[in-house]
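With UniProt numbering, the residue at position 471 of the sequence shown is 471, and numbering never jumps.
Note that the Cβ used here is the ideal one computed from N, Cα and C, for glycine as well.
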Amino acid sequence: MSTVTMSASSDQDIHSRGRQRSHSYYCSEDSRDYGLQSQREETRPRSRSFYSYETSELFSSSDIGIVNRPSPLRQRASSLLFVVNKTNKQKEDCTAQSQHKKQRLKQSKAAKDSTTSMMTISEADNWKICCNSGMKYGQFVDWEKIDPEAAKKYQMIVQSDHQQLKALGRQGYWEMPHTLRAKSYYHIIHSINSSIKTVHPGRNVYYELTKKLFGEQKVSSHPAPEYMEDAEIPRYCLNKAGLNSVKKILICLGKYFPDMNYCPILPALVSLILHFSMDEAECFYSVARLICYTDPNKRYIDQTFLTYRASCMTFGDLANKCCRGIRKLIASSHQNLFEFYSDWIMWIFADLPFIYAIRVLDVYLLEGFKVLYRVALALLGLYKVSVSSRVADVEDFRTDMKRFVQNVARHCTPEDLLNKSFQIPMATRRELNLLFNANKDSLMQKGVSSHQKRQSVESVDFTNFSSSVVTGTEMQVVWAWIPERFALFSPIRLYSTTEHQRSLASFYSHVEGHEPAVLLIKTVDEEVFGAFLSTDVIERRKHENLTYFGTGECFVFTSTTSPSAKQPKRAKEQEASMFIAGNESQLVIGGDGGHALCVQQNLHEGYSECCETFKSAPLSKGHFKIQSEESCLHIYSKWCVVMGPETTSMLTKSVPGEVSDPIKTEVKSEDDDYELSGQYIASGQVNFMGFKADVIIWDYEQRNIYAQLSLHMAKVEALSFSPNNKYLVSLGGVDDGSIVVWDIETKQAICGSPASPHSAGPCLTVKYSNHNDHLFVSAGSGTLRVWELDIPNRKIRPLDCQMGKFKRIVKCIEITDDDRYVLCGTTSGDIMRVNMKSSFLSDCGPVKTKYSLGVTALSLLNSGHILVGSGSGTFTLCSSTNFKIVKRVELEKGVTSIALGGEGQQFFVGTDSAQIYRFSCENFKAELISTSHNSAVKDVAISSGSSELFATCSLEDIRLWHINRPKELLRITVPNMTCNSIDFMIDGHSIISAWNDGKIRVFAPASGTLMITIDNAHKLGVTAIAGTRDCRRIVSGGGEGQVRIWELLSSSHRMLGSMKEHKDTVTCIQIRSDDKECVSAGSDGACIIWDLERFVSLQTVIANTFFQAVSYHPEEYQILTSGTDRKITYWNVYDGSPIREMEGSHSGAINGVHITQDGKYFVTGGDEKLVKIWDYVKGIVTHTGKAHGGSITSVKVCNNSRILISTSADGAILCWKFPHVASA
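Written out as structure tokens, the structure is:
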């Protein structure tokens, strides 16, 4: 049972508690006599995202590499008192010992009898209260005389009314000094309840509670406050005494407010306010006033799960209006929107860094909940910009958002965040309160009450959603657009033209009395669009003529490929009110400047126009004809949906990408000459939040793992070997924040420490000295430290370098050969030179012309010159004395690394575009020696005429390669587009390619000239392509599920046929050798064999999977399929029956399959990252290739079965020697 054991003290002791340093790791010390009663203490490690700590000894000699064990802690000053350790109590009289023993027995018995979760503030689980008696710092000082400017500011604050204070708070008027903010907070909080007749507790109440709860005992146990649930206590800048006080205050608040059953923000709020409180009683008093505030239009703290969840739903409605893109993105990725938005307030009160949180607190105390909505929306807007470029790499949006907020300093300053927050158009307090109450009522209808504790409120599950018009994914996206209070409930069909009479009168009769409603229409041209009707259509009866009604929650939407029509166009309440109108002849949605949607009486046709009401473009191509309709009703909120009978997926699903394993590698030789023939290679990893990231030391000669070191969390940022290969220093990422030194011989950690001081940002790089195994340097955002390794005491001690007025973010460092200076490349585009011995800044340059996008790589030549690479691609040779540029070369994209060869006469440079250049010191000219894709490789095709020529496609380009050369022969670029699939025509005269903009492009392989472009080949992009053997036709598949046949003419093209049986994306197409049939694989779980002469399906095979690949056996009586179910299946072509099914992967989908020309073997690859060669008849694996670092996307075997080519999502292209000799 978890218990909180608390040691209490008198109020005088509380007020006079001495200052203590904060640490993350502690262990007991030897008892020493300071003239006071000596006691011992220990705490468990807490989450680093909440704790800041100074350099301390992370490890002792008996616990190397184990961070969860305690280690030595420095002795405190003699004025401090410590909690008595239960196993080592000394120097207590018999009476006190007996009383304490009885009290412990009572607590133990109570703990056994109770089933309530307990927290212990004691040695047991390291929550403790330190009873200190020391002089309060500065209590005899008249601060107004010391800082008269702050005194004038405070008088200004006292004399200002509420509106003036709001303006002052937004501009950070009382930001400095600390005492001014503390007095301002007290003044603001004291004035909060002045107009509300509410009884709130004073300081005496806190004294009585502490006396009652903790008494005079040193240790006592109490149930954990139920309102905290599992919430952690953010430490921010509090020391151990402050953290101890927070726990006491939280327990007292729980005791005083017994009806408060769910309030996860309270630990963070108490921690923040305690920073600016004189003592615990004042903090308790301040927080209690906020809790007691009763004005519904200006709330401060939600105290129940019902109100907390209603606030989350309210924020969801605001996000739906202000950040539509991110909402749709999450909904289409099948992740839970309710869970994502349930963290919104914790972004502010748990994840934001301290300097951001207190600026929010400045305005929150004056403006209440409304400002929290603003700040959270601003964070969501910043996150939308950040995630849009890496959506494929996001596994969990909830965790990714938390990580983003914790690192928000990379994106904006606190003032920028607040400015962006107050630029967001926001509803009035009254409107927010009405929306909050409506959401609360919906939750109560769902069964959530104000008296119960946390309850899971699940969103609607569309997995089993069945409709003849839209898929579950499409419906989930539509459901993400509607208000939160209605999205709690599942849709139920109300009206369908297949079941009811096809007329407006019949429609009205079934829909009236149900509010709100979603209307979906599908036309004969397969256009799908609709509208959200916020008001019951029975309102039309209140007026004789065609009169508009409805609310600003109405909106229209479409699922076509037009970017302007994909997002719901919401109405602006203050600008328009012509939302819904209807009579017996027509139903109109939007009426200002044109009708956004109008349906005629017979429900056979209608039209759509540009509409100022919703600021929307036409939803369809002018007039449209309706196929048929359906309507769905929500169980409680009465939803109505009108749909057509058949459709395919019209919305693209985004699949999260995979985190790559190796992120940084350093090679170092046994000597000091930086030869590339080093003995060891060290690599670090990236992992998910909450999981450890390994450091792996590889034996280069043996080609195997020498040691696997696990200590860092989430990410390893940088690595560096010592000069004599005795030690390895590793730097953790932002979420880890520690430096660890490892002994390579023993494969154990020697010691570790926080990488940056409290006031600095994250550490980004580390570099060992050139001659001293006990000296290394770390640098980052506002931090530059020289570390000394003390082996006998197992410690590392930092010395902070003095930068003076220079504030820089260091991205890379280099140490001169004599270990005298450290050169630091910064994001500001300059280079700092720091003296390692004195730790003072020597100089900084270049003075006039900075490097664009910052200095990203540095290297020192034996001549003393410096090689400098920048983020813009500028690569220079500059003087080491004044940083003057001697030689300069512009490369493609940013420089990422520099490696010296031999004595430095030549060197190699890597760039962001996945290119490696070779330079010579003599002529300083770039020679391109290796290239590759810098994003996922989508497909590979091998030329039929030559098995040594192949092509790959990726983001923006197609590249032509030769088997024996690491550099492409030809690059074909289409900016901002992605090529999904490619194929060679059998005559070798053209390359056909499928692009995500819906176009098919045909290129000449010799010159890369664009020969033919087929526009609008598919609505949702071309996803698969293949060419016939006569070189006259192309078969293509699209994201909407259609398979189309195109004829290539001399200077044009024409479509011969379009086949529409797939319900989702076509992933692969293969054509028979006689060009009469083809087979297509789709994400809908179907493989269809088509007749290419009559354009009809001949056979369909269905499985419970998303098919990723299909291949004809050379004899063409069987096909081979693979997909997300990890199965490889043989199918009979003639009757579609399965012949054999095999387990093809232990984990992940199989994305590629290809059969050799002789039909004896086939190759597979997928998310398992293994290339496997199979015996076709026996169905067994003959060979396995392990080299890819990302999911394999495609595999192909050349015609002569000598070479196997595989591509992967990490941009790799690997050529393998095929192990089986081809049959004659």
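In this structure, DSSP gives residue 1013 an extended state, which the three-state scheme calls strand. A residue is called buried when at least 16 other Cβ atoms come within 10 angstroms of its Cβ; residue 881 does not meet this threshold and is exposed.
Selection 1148, 1068, 1177 evaluated against residue 1139 yields 1177 as nearest (Cα-Cα). Every beta strand (DSSP E) stretch that sits fully inside the stretch 802 to 853 and reaches 3 residues is listed by chain position as 810 to 815, 821 to 826, 831 to 835, 841 to 845. For the pair residue 1012 and residue 1065, the Cα-to-Cα distance works out to about 24 Å. Residue 216 sits away from residue 245, with the two beta carbons spaced by 9 Å or more. With respect to the 9 Å criterion, residue 611 and residue 556 are classified as neighbours on the basis of their beta carbons.
Put simply, the stretch 342 to 356 touches the stretch 394 to 412. At least three CB pairs are less than 8 Å apart. Taking 8 Å as the upper bound for CB-CB distance, residue 735 and residue 484 are not in contact here, some 31 Å apart.
Following the DSSP letters along the chain, one finds residue 182 inside the alpha helix (DSSP H) bounded by residues 178 to 192.
For residue 722, the three-state secondary structure derived from DSSP is coil. Scanning 894, 161, 779, 153 for the CA closest to the CA of residue 172 turns up 153. In the DSSP annotation of this structure, the continuous segment of the beta strand (DSSP E) that includes residue 1058 starts and ends at 1053 to 1059.
Three or more Cβ pairs closer than 8 Å define a contact, and the stretch 1114 to 1124 meets that threshold against the stretch 1142 to 1156.
At a Cβ-Cβ threshold of 9 Å, residue 749 and residue 711 count as neighbours. Annotation: residue 922 is outside any beta strand (DSSP E) and is labelled neither H nor E by DSSP. Taking 9 Å as the cut-off, the Cβ atoms of residue 875 and residue 900 do not count as close. In the DSSP assignment, residue 510 falls within the alpha helix (DSSP H) that extends over 504 to 511.
Residue environment for residue 625: exposed (fewer than 16 other C-beta atoms within 10 angstroms of its C-beta).
Within the DSSP secondary-structure output, residue 1091 pairs in a beta bridge with 1077, 1096.
Taking a C-beta distance under 9 Å as the contact criterion, residue 1101 and residue 1116 do not qualify as a contact pair. Here the alpha carbons of residue 768 and residue 817 stand approximately 12 Å from one another. For residue 581, the three-state secondary structure derived from DSSP is strand. By the criterion of a C-beta distance shorter than 6 Å, residue 1150 is surrounded in its chain by 1122, 1144, 1164, 1166, once the five residues flanking it on both sides are discounted. Residue 1091 is not a Cβ neighbour of residue 1033, given a cutoff of 9 Å. Closest in C-alpha terms to residue 843, from the list 824, 1201, 859, 1056, comes 824. Excluding five sequence positions before and after residue 853, the CB atoms of its chain that fall closer than 7 Å to its own CB belong to 870, 871, 872, 894, given in chain order. Comparing C-alpha distances from residue 934 to each of 896, 964, 918 shows the shortest one belongs to 896. Contact fails between the stretch 509 to 518 and the stretch 592 to 599, because fewer than three Cβ pairs, one in each stretch, are under 8 Å apart.
The C-alpha of residue 1088 lies about 20 Å from the C-alpha of residue 994. Comparing alpha carbon positions, the residue from 1020, 270, 477, 1093 closest to residue 1056 is 1093.
Across the structure, residue 516 and residue 627 are spaced so that their CA atoms are roughly 24 Å apart.
Contact annotation, residue 434 with residue 306: C-beta distance approximately 17 Å; criterion of less than 8 Å not satisfied. A distance below 9 Å separates the beta carbons of residue 380 and residue 322. Its chain contains 1041, 1082, 1084 as the residues whose beta carbon lies nearer than 6 Å to that of residue 1062, once the 5 sequence neighbours on both sides are disregarded; these appear in chain order.
The Cβ-Cβ distance between residue 940 and residue 950 falls below 9 Å.
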